[in-house]
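These protein sequence lines are chains A and B, in that order. The opening position of the first sequence corresponds to residue 24 in our numbering, with each subsequent residue numbered one higher. The opening position of the second sequence corresponds to residue 93 in our numbering, with each subsequent residue numbered one higher.
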Amino acid sequence: MNFSLNEEQLMLQDSVRKFVLAEYGFENRQKRQRSVPGYALENWNTMAELGWLSLLLQENYGGFNGGARDLAVVMEEMGRGLIVEPFLASAVLCSSLLQRLASEAQKDRWLPQLASGETLMALACWEGSNAFDLRRVSTRAEKCDAGYVLNGTKAVVLNGAEADWLLVSANTERGLSVFLLDARQSGVQVHGYPTVDGGRAAEITFRDVRLPSTALVGAEGMALPGLEYAVDLATLAVCAEALGIMQTLLEKTVEYSKTRQQFGQPIGRFQALQHRMVDMFMECQQARSILLMATTSWDDTVRSEEERRRAVSAAKARIGKAGRLIGQEAVQIHGGIGVTDELDVGHYFKRLTVICQLFGNSDRHLRRFADASW
Amino acid sequence: MNLTHEEQAFREEVRNFLEENFPKDIQQKARNHIPLSKDDHVRWQKILFEKGWAAENWPLEYGGTGWTHVQKHIFAEECAQAYAPEVIAFGMRMVAPVIFTFGNEEQKKRFLPDILASNVWWCQGYSEPNAGSDLASLKTTATRDGDDYIVNGTKSWTTLGHWADWIFCLVKTGGPDTKAQESISFLLIDMQTPGVTVSPIITLDGRREVNEVHFDNVRVPVVNRIGDEGKGWTYAKELLTHERTGIARVAHSKVRLRDLKKLARSTPSGDGTLAEDPIFRHKVADIELDLLALEYTELRTLAAVSTGKAPGPESSILKIKGSGIGQLIDELYLEVAGHHALPFVPEQFDMAFCGDFVGPWYAADTAPHYFNYRKTTIYGGSNEIQKNIISKFVLGL
């Protein structure tokens, strides 16, 4: 068996790694994160130029036709840099959803714009109290003469206030559907805010928003499989991002324990701490393995949707467990400095914590894995 | 627990007192996880002072309550139930016992009344940037010059230092040849003295709670030293073991678990609520069991203390388990909040905030709280240090 990266993947890894090293010093990242729109436009343009925004797109849209494994390579490196650009929101969630659901005409119009970075999209598919459940949607699109009238509220839309266009899930009389609309259209009220991990999100309300029938993405009432597909792929993406973060936290913790002196010696000499860092190391390795299992399954087109779901949830449940241990131990072993805003470790911990919650926590995915395993 | 009639009556008295005297606006804030201001704390502590209940650990002769350990336990429980904040420890529970145990008459008269009445606020100057758990390696020096010491150095992790009028410090007084533990003295320093500066350390919740305190040739009268020169380490250590009772925060965790279960009952999950989710229920039950055991471990410790035994190294269990349970509860709150844990909108923590709230009210503080409270297994002698204490002094390893 050969688990090593192919030549293209190695080049991709190298280019993201170099970008992160050159542009993503921690202080830079913090400055960017506090600015409006919360990330650097020049970085976003670089990402487009280097072809990362079209990573998942088919070749006929100028894409790289990348699979889950390619995406994981990019996301792991981005995790190491704590990237704040809206790559996940636009280039992963929206790109893969459009590719899966949209008509040829819609793809022709939108995918090149996503690839070039000139249009930023956000996916508004989760609501108030129904955390990460794609099916529980109270937003409604009622049919009218010219098209649809949209009403409802979406919660925690990743990069929702920065997006030019929104992909919105809503129920019609035929069932769950997705609409694409201008974020500045009248009746759309956007309340953007920072998130605890240095990102941006928004609460978005739709009040009698009039949509032409062309706003419907794909077939009416048939959106669920596409949404699940996009969110599952994004789930793998954040699992890979988490792996990059965990690996970084492990390295930083080991390094720190070699220099931090207490009781006349580096704290890394204490066996009690050594064993815990060994546990962190093993969790990182296990996480890498399960991610490899999941991305390989994803790219293996023979597998059924059920198997795909099982593989994604296996990765998310296991990586959630690893992330919790590694994040908490990294902070604990760093001691007081680990809970300060000044040190990067705490910010890796925060992003890792958010990833553990994002798209459903370990419990939710453990349940989904179990349901698919019996 | 079987309470006597007197104890039951005491519980009633405390409950009624809280009902009538604990300010409703402060209760509202605490219930909604909004950070309290210094004024909130001072107001509440002064109310306790008027009642004679400010200093539960002090002997009667200095204005303490003279309560039994069971009474203290009942009081803590009732306060937690009412969301009343614990008395800020630095003056009342940390420096005051050092002063009345090791200070002279002059010092007792000068400092204790203002601590008791919450007129003067204190902070703790033990840790330094390079002396965290290893306190004996601290570097702040106090060099004798006539009737004064000249103090130089930096203290770190000074909780609420920006609210404090005075700081109690461990400083190095011996020459370079003195053994580390015998060269440390206990010094009280007025924060207004020229050369003292306080700078904030922002923690992961984005707030200011801890500080660095810098001493640049600060003149401190020798009369502000407690006890003998070079004995500071002994005084501080003795007090640290006392600090560890009450650190389990059992009453507080019980209330948080109760509130969590209530929230879980109205949090959708799958086709039902989170409260019906077997995995979530299992996790809550697991923590509840550990908390029940800890409650009785604390009561056993209190029982031992009331028969005259000082709390021994076993009290480290209270620190280790109490902080661990608190952090597990923090994680469950994060899970209840789900994606609503993501928004970080600090303006919402202001009582005067009148914009649209993002997500349900309880969710806003869940992530900052989780991040910030990772500190509880680090401060007060990290849990690793506590385990060393148990292995050395209990197991004799």
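Every residue, glycine too, gets a C-beta built ideally from N, C-alpha and C. In this text, all values refer to a predicted model and were calculated from it rather than measured experimentally.
{"Asked": "What are the complete beta strand (DSSP E) segments, minimum 3 residues, inside the segment 116-184 of chain A?", "Found": "144-147, 163-166 and 170-181"}
{"Asked": "Does any residue of chain A have a CB that is nearer than 8 Å to the CB of V450 (chain B)?", "Found": "yes"}
{"Asked": "List the endpoints of the continuous beta strand (DSSP E) containing K264 (chain B).", "Found": "W258 to K264"}
{"Asked": "Does the segment 251-262 of chain B come into contact with the segment 210-218 of chain B, if we say contact requires no fewer than three beta-carbon pairs (one atom in each stretch) closer than 8 Å?", "Found": "yes"}
{"Asked": "My assumption, with CB atoms under 8 Å, is that L78 (chain A) sits in contact with G89 (chain A). Please give the rounded CB distance.", "Found": "4 Å"}
{"Asked": "Of all the residues that make up the segment 425-437 of chain B, which are near chain A by a beta-carbon distance shorter than 9 Å?", "Found": "L426, E427, A429, G430, H431, H432, A433, L434, P435, F436 and V437"}
{"Asked": "Do you know whose CA, among B:E330, B:A209, B:G195 and B:N303, lies nearest T250 (chain B)'s CA?", "Found": "B:N303"}
{"Asked": "Going along the chain, which residues of its own chain have a beta-carbon closer than 6 Å to the beta-carbon of A168 (chain B), five neighbours each way excluded?", "Found": "A343"}
{"Asked": "Taking only runs that begin and end inside the segment 406-477 of chain B, name each unbroken beta strand (DSSP E) of 3 or more residues, in chain order.", "Found": "none"}
{"Asked": "Is L487 (chain B) close to chain A, meaning its C-beta is less than 8 Å from at least one C-beta of that chain?", "Found": "no"}
{"Asked": "Using a Cβ-Cβ cut-off of 8 Å, state whether A234 (chain B) counts as contacting chain A.", "Found": "no"}
{"Asked": "L73 (chain A) by DSSP, collapsed to three states: which one?", "Found": "coil"}
{"Asked": "Give the C-beta separation of E148 (chain B) and K138 (chain B) to the nearest angstrom, bearing in mind that I take them to be a contact with Cβ-Cβ under 8 Å.", "Found": "Going by Cβ atoms, the distance from E148 (chain B) to K138 (chain B) rounds to 16 Å, so no, they are not a contact pair."}
{"Asked": "Does the CB of Y216 (chain A) have a neighbour CB from chain B at under 8 Å?", "Found": "yes"}
{"Asked": "So is L64 (chain A) buried or exposed if we call it buried at 16+ other beta carbons inside 10 Å?", "Found": "exposed"}
{"Asked": "In whole angstroms, give me the CA-to-CA distance for L124 (chain A) and L381 (chain A).", "Found": "23 Å"}
{"Asked": "Mind listing which residues of the segment 208-235 of chain A have their C-beta closer than 7 Å to chain B's C-betas, in chain order?", "Found": "H214, Y216, P217, T218, V219, A224 and E226"}
{"Asked": "Going by DSSP, name the residue or residues bridged to F42 (chain A).", "Found": "The partner list for F42 (chain A) (beta bridge, DSSP) is empty, contrary to what the question assumes."}
{"Asked": "Run through the DSSP bridge pairs and tell me what K401 (chain B) is partnered with.", "Found": "Answer by DSSP bridge pairing: none, since K401 (chain B) is not bridged."}
{"Asked": "Under a Cβ-count criterion, where at least 16 other Cβ atoms within 10 Å of its own Cβ denotes burial, should R311 (chain A) be classed as buried or exposed?", "Found": "buried"}
{"Asked": "Just to confirm, is the Cβ distance from Q208 (chain A) to I227 (chain A) under 8 Å?", "Found": "no"}
{"Asked": "On a CA-only basis, which of B:V450, B:L381 and B:E423 is nearest V377 (chain A)? Give me that one, please.", "Found": "B:E423"}
{"Asked": "Is it the case that the Cβ atoms of R466 (chain B) and Q351 (chain A) are separated by a distance below 8 Å?", "Found": "yes"}
{"Asked": "With 16 as the cutoff for other CB atoms within 10 Å, does E185 (chain A) come out buried or exposed?", "Found": "buried"}
{"Asked": "Suppose you measure from the CA of Q284 (chain A) to the CA of Y47 (chain A); what does that come to, to the nearest Å?", "Found": "29 Å"}
{"Asked": "Which residue wins for smallest C-alpha separation from D37 (chain A), given the options A:E141, A:V96, A:R230 and A:I268?", "Found": "A:V96"}
{"Asked": "Where L381 (chain B) and M269 (chain A) are concerned, what is the direct C-alpha to C-alpha distance, given to the nearest angstrom?", "Found": "31 Å"}
{"Asked": "Among the candidates B:V187, B:V162, B:A356 and B:A433, whose CA atom is the shortest distance from the CA of A178 (chain A)?", "Found": "B:A433"}
{"Asked": "Give me, in chain order, the residues of the same chain whose beta-carbon lies closer than 7 Å to that of A334 (chain A); leave out the 5 immediate sequence neighbours on both sides.", "Found": "M316, A317, S320 and W321"}
{"Asked": "What first and last residue would you give for the alpha helix (DSSP H) that runs through N108 (chain B)?", "Found": "H97 to N113"}
{"Asked": "Of the choices A:L105, A:R159, A:F155 and A:Q81, whose alpha-carbon is the least far from that of L121 (chain A)?", "Found": "A:Q81"}
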